[in-house]
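Worksheet: the structure to be examined is printed underneath.
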Amino acid sequence: MGARLDWRGDEILKAARQAQVEAIDDATEDAVAISRGAAPVDTGFLRDHILPIPARRGRRGASGGVSSEADYTLEQELEGPNRGFLRQGADQAFPQLHGHLRRRWQQRAPR
1 MGARLDWRGD EILKAARQAQ VEAIDDATED AVAISRGAAP VDTGFLRDHI
51 LPIPARRGRR GASGGVSSEA DYTLEQELEG PNRGFLRQGA DQAFPQLHGH
101 LRRRWQQRAP R
């Protein structure tokens with residue numbers, strides 16, 4: 001009688017890391033959409049230049065985020081008529097990261 005073990009740890013780790021990056025990208029895309037919807041609009045430049053920062057893996061995990069290319073973003077975020085529009089996007093989207101991660105893992109998990 002015998003037993004067999006097929007180690008697939010490397011494959012599982014690779015899939016988990018990829019799912020992590022994809023889930024962060026999903027959450028930042030959601031945050032961008034929410035922030036754009038809440039941003040003050042005069043010319044539309046600020047709204048149109050709220051962009052995702054693609055997720056990247058580093059030594060301590062993965063990270064991504066949201067940025068804006070408009071020079072006056074910080075002023076509008078802190079003191080503008082719709083102050084907190086970037087924060088609003090983050091507060092609504094980032095808690096949903098676990099759902100994105102679950103979905104991405106289900107798509108990538110080795111069978």
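To convert, note that position 29 of the sequence shown is 29 in our numbering; the numbers rise steadily by one, no gaps.
Note that beta-carbon positions come from the ideal geometry of N, C-alpha and C, so glycine has one too.
It should be emphasised that the depicted structure is a prediction, and the values quoted were computed from it without experimental measurement.
Point to revise | As assigned by DSSP and simplified to three states, the class of Arg87 | key: helix
Point to revise | Contacting residues, own chain, Cβ-Cβ under 6 Å from Ile53 (five flanking each side not counted) | key: Gly64, Gly65, Ser67
Check your understanding: Hey, would you say Ala31 sits closer than 7 Å to Phe85, going by beta carbons?
Key -> no
Point to revise | Validate contact between the region 20 to 27 and the region 99 to 108 using beta carbons, cut 8 Å, 3 pairs | key: yes
Review point. Candidates Ala62, Gly9, Arg4, Ala3: which alpha carbon is nearest Pro110's?
Key: Gly9
**Study point:** Per DSSP, cross-strand counterpart(s) of Ser63
**Key:** Arg56
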